[in-house]
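*Asks:* With full-length UniProt numbering, letter number 40 in the sequence shown gets 40, and the count goes up by one each step, no holes. Glycine residues also receive a C-beta, built at the ideal position from the N, C-alpha and C atoms. Keep in mind that this is a model prediction, so the values were computed, not measured. Encoded as structure tokens, here's the structure I'll be asking about.
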Amino acid sequence: MIRIKEVIVVEGKDDTKQILKAVDADTYETNGSAISTADLAKLKKLQASRGLIVFTDPDFNGERIRKIISEAIPGVKHAFIKRKDGVPTEAHGSLGVEHATPAVIKSALEHLYTQTTTPQQVFKREDLQKWGLTGQADSRKRREKLGQLLGIGYGNGKQLIHRLNMFQVDRATFEQAIKQINQEEDHE
């Protein structure tokens, strides 16, 4: 089993259980979306000594936690799962890391993104319009597919621009993903 050096930040104990089925790692549980100043102080110490990987659910609260930590602690790494990989198998339950398979978790941990503190403005709103990621009836679906292909999660137009720049996605990788989306749509 692969040993992860960094501490993985998750939302709860069920996430920890699922992570430990996939890799050997230490986790820090936020126990919900309210992150205290004390939590942030502990996480800053952990980032300085071992590094952090933020691995939260692909939902509103998960994104909220990710944003709070990213703004407070520069240089943390991010792991993402696709929304479809976090869907519960039973009718009840919420979207989350605890429902991802060990293979999905390993893959997410192999494709980490590190946030830059001063992202270059490579992507702009015009790019999203040009590629049909905003301003069209199917833009949301295209952004969702793009986030999955790039492994950066879903975001609205403004969030997507921020993530593309923050995680330093290069133009060639972006255009290859757009090409794949266009090909898939042509075959639908």
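Name the residue from V76, T30, T37 whose alpha carbon lies nearest to the alpha carbon of S49.
*Replies:* V76
*Asks:* State the Cα-Cα distance for the pair G12 and R142, rounded to the nearest angstrom.
*Replies:* 31 Å
*Asks:* Can you give the Cα-Cα distance for V87 and V9, rounded to whole angstroms?
*Replies:* 20 Å
*Asks:* Output the distance between the C-alpha atoms of T116 and F123, rounded to the nearest integer angstrom.
*Replies:* 15 Å
*Asks:* What does a CB cutoff of less than 8 Å around I53 pick up in its chain, not counting 5 residues either side in sequence?
*Replies:* I4, E6, V7, I8, V9, V76, K77, H78, A79, L109, L112
*Asks:* Let me confirm a value: I152 is counted as buried when at least 16 other C-beta atoms fall within 10 Å, else exposed. Which label applies?
*Replies:* buried
*Asks:* Report the rounded CA-to-CA distance for A137 versus Q121, giving the unit in angstroms.
*Replies:* 26 Å
*Asks:* If you follow the alpha helix (DSSP H) that I81 is part of, which residue opens it and which one closes it?
*Replies:* Neither: I81 is in no alpha helix (DSSP H) and is coded neither H nor E.
*Asks:* So which of L150, H162, D14 has the shortest CA-CA distance to S70?
*Replies:* H162
*Asks:* Which value, in whole angstroms, describes the spacing of the CA atoms of P102 and I35?
*Replies:* 27 Å
*Asks:* Verify the contact flag: T114, CB atom, against every heavy atom of the ligand SAH, threshold strictly below 7 Å.
*Replies:* Of the ligands one can find in the structure shown there are none, so the ligand SAH has no counterpart to examine.
*Asks:* Is the distance from the Cβ of K106 to the Cβ of V23 below 8 Å?
*Replies:* yes
*Asks:* For Q47, which residues in the same chain have their Cβ closer than 8 Å to its Cβ, ignoring the five residues on either side in sequence?
*Replies:* I73, G75, V76
*Asks:* Give me the Cα-Cα distance between residue 193 and K82, rounded to the nearest whole angstrom.
*Replies:* Here the chain comprises residues numbered 1 to 188, so residue 193 is not present and cannot be evaluated.
*Asks:* From the DSSP secondary-structure annotation, give me the bridge partner or partners of D24.
*Replies:* R3.
*Asks:* Please state whether DSSP places V104 in a helix, a strand or coil.
*Replies:* helix
*Asks:* Terminal residues of the continuous alpha helix (DSSP H) containing K53?
*Replies:* The question names Lys, but residue 53 is Ile in the sequence shown. Counting along the chain, I53 sits inside no alpha helix (DSSP H); it lies in the beta strand (DSSP E) bounded by residues 52 to 54.
*Asks:* For T114, does the three-state DSSP call read helix, strand or coil?
*Replies:* strand
*Asks:* Going by DSSP in three states, E29 sits in which element: helix, strand or coil?
*Replies:* strand
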